[in-house]
Amino acid sequence: MSSSPKSDTPRPGVRYVPLLGIDARFLGFLRPYALWLTVTCFFVVLTAVLTILSPWPLKFIIDNVLGTKPYEGTALVPVVAIFGDDRRTLAIVLGFALLLLTVFQGVAAFIYEYLNGMVQERAIFDLRSHIFSHVQRLPMGFFDRYRLGDTIKRVTEDAGKVMEALVGSTSEFLVNSLKFLGFAIVMLWVNWRFSLIVLTYVPMLLWLFDVFRKKIRSTAREAREQEGAMMNLTLETLGAIREVKAFGREAQQQANFEARGRRLIHSALRSIQWEASFGPIIDLIQATSTAAIVWYGVSQVLDGSFTVGELIIFLSYLRDMY
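Residue 73 in the numbering used here sits at position 92 of the sequence shown, with consecutive numbering throughout.
1) Going straight from the alpha carbon of THR288 to that of THR55, what length do you get?
2) Residues in the same chain with beta-carbon distance under 8 Å from PHE164, minus the five sequence neighbours each way, listed in chain order, please.
3) Could you give the C-beta distance for LEU57 and PHE77, rounded to a whole number, given that I count them as a contact under 8 Å?
4) Taking all protein chains shown into account, do 16 or more other C-beta atoms lie within 10 angstroms of the C-beta of THR83, making it buried, or fewer, making it exposed?
5) Are the region 266 to 283 and the region 171 to 181 touching by the rule of at least three beta carbon pairs closer than 8 Å?
6) From VAL148 to LEU18, what does the alpha carbon distance come to, in whole angstroms?
7) Going by DSSP in three states, LEU219 sits in which element: helix, strand or coil?
8) Thinking VAL100 and THR28 are a contact (beta carbons under 8 Å), I'd like their distance in whole angstroms, please.
9) Thinking just about the alpha-carbon of each residue, which of PHE193, ILE263 and ARG205 is nearest to the one in ARG241?
10) Compute the distance between the beta-carbons of THR218 and GLN234, then report whether it is under 8 Å.
11) So, are the CB atoms of MET185 and ILE262 less than 8 Å apart?
12) Let me know if VAL74 comes out buried or exposed under the rule of 16 or more other beta-carbons within 10 Å of its beta-carbon.
13) Should SER158 go down as buried or exposed, given a rule of 16 or more other Cβ atoms within 10 Å for buried?
14) Determine the direct distance from the alpha carbon of PHE154 to that of LYS195, and round the result to whole angstroms.
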């Protein structure tokens, strides 16, 4: 051990361990869970389908039970054939269908979330075990070149973030993509002109998502690097605490620690700033699109070319889409 602890500035040749990123090699850690991932995908599709169907019972109640739209040519034909055309009976049946769709959607979402989390946690454990085993086999020169604090963060924290992004974010993207595709198909089928108003906002949203994703990822990466630097400084200082006290360097190490802390706060606040501004901007776009859809939809309803139930469908999809 040296006669004094390492200063806050890295020695020549001592480097930070690179941050882990998404790599195709990590897919190998998911291979043992292929069956569970297949089952998860089934419930992903089921959740998306049930979400698409969920507002339709209310649409039929408004248009066909409370309104005067005929049953012919709708999904109510087999329902009327079984239960009759009494409006009160149909309201009860459709209300029960709405309840069942909500329950099934909740159960499917729960199973999907649970299986997804199970695969994610087990894959994280496998990846951490692999990295830990690999680090132990590295030559001593590696530990002379790279900082211990960074190595610890890669084994414990970054491995988890990689699998969370690979499993959690991918499955969430799949769910949202299926929902969006289903919403778009149904809306175009119901009223393609009206659908174009809704879909006009999609390119703007995708662009904003991309901008914020890059900014949040960049600032979060910077914050993680500062966290690693603080952990490394803490390990070095406490590991050489006898030398720190012997040379009276407590004040210097405290100053180094606080300097790292201030840099971490700055990086974290930048990340928080981007994350906090994302929600209000999306809400503003959603409010603008909702206002446009309500205005156009009400006009179409008053003209008789659109129904109140169909407007409810569009508003429901718009809420879930954004």
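Ideal Cβ positions, reconstructed from N, Cα and C, are used throughout, including at glycine.
Source: prediction; values computed, not measured.
Let's see:
1) 14 Å
2) ILE33, TYR298, ASP301 and MET302
3) Between PHE77 and LEU57 the Cβ distance is about 14 Å, and since that is not below 8 Å, they are no contact.
4) exposed
5) yes
6) 9 Å
7) helix
8) Actually they do not touch by this definition, with Cβ atoms about 16 Å apart.
9) ARG205
10) yes
11) no
12) buried
13) exposed
14) 16 Å
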